[in-house]
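Enquirer:
In full-length UniProt numbering, the protein residues as written are 1 to 131.
1) Is it right to say residue 72 is buried, meaning 16 or more other beta carbons lie within 10 angstroms of its own, or is it exposed?
2) From the DSSP output, in three-state form, read off residue 89 for me.
3) Can you look up residue 136 in the DSSP assignment and give me helix, strand or coil?
4) Among 112, 13, 27, which residue has its Cα nearest to the Cα of residue 61?
5) Taking just the CA atoms, how far does residue 122 sit from residue 14?
6) Just the C-alpha distance for residue 103 and residue 86, rounded to the nearest angstrom, thanks.
7) Going by CA-CA distance only, name the one from 65, 54, 91 that's closest to residue 41.
8) Output the distance between the C-alpha atoms of residue 68 and residue 52, rounded to the nearest integer angstrom.
9) Would you kindly work out how many angstroms separate the C-alpha atoms of residue 130 and residue 117, rounded to a whole number?
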């Protein structure tokens, strides 16, 4: 359980190096964060992006690839591998730090092929009626 007036840390920034070591860094930092009184940490999107190992997580390619499959030119994500991710979460949780993950379900930028999707303008007062 979280303390009543806990402290959440944003555990990433846009400009982190794309070296694949962020999850390892957070796992190693977990004891210090707990000692400082951090009660929750917000992690960046962990899945594969269209930019492979350099994407920050918001250009979604595969929500289910957390750095496990060879796609978009890499196995790992910008932050590391699936194994590193799960280990970091385990380390944080064992020290009582709640882990909040950032998932953007409505963004899809990647795909192996393009498809055309028909669209039409609708009446703003009745979206079931074509304009």
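Think of the CB as a built atom: it goes at the ideal place given N, C-alpha and C, for glycine as much as any other residue.
Expert: On the basis of the supplied data:
1) Walking along the chain shown from the start, residue 72 turns up at place 72. So residue 72 counts as buried.
2) Translated into positions along the chain shown, residue 89 becomes position 89. Helix, per DSSP.
3) Look at the range of the chain in this structure, 1 to 131, and you will see that residue 136 is not part of it.
4) Here residue 61 refers to the residue found at position 61 when the chain shown is read from its first residue. When only C-alpha atoms are compared, the closest one is 112.
5) Numbered from 1 along the chain shown, position 14 holds the residue referred to as residue 14. Numbered from 1 along the chain shown, position 122 holds the residue referred to as residue 122. Using only the alpha carbons, I get a separation of about 38 Å.
6) For the purposes of this step, residue 103 is identified with residue 103 of the chain shown, where counting begins at 1. For the purposes of this step, residue 86 is identified with residue 86 of the chain shown, where counting begins at 1. Looking at the two C-alpha atoms, the distance is approximately 16 Å.
7) Taking the chain shown and counting its residues from 1, one reaches residue 41 at position 41. Closest option to residue 41, Cα to Cα, is 91.
8) As a working mapping, residue 68 is identified with position 68 in the chain shown. As a working mapping, residue 52 is identified with position 52 in the chain shown. Each residue's Cα considered, the two are about 12 Å apart.
9) The count along the chain shown starts at 1 and reaches residue 130 at position 130. The count along the chain shown starts at 1 and reaches residue 117 at position 117. The straight-line gap from Cα to Cα measures roughly 16 Å.
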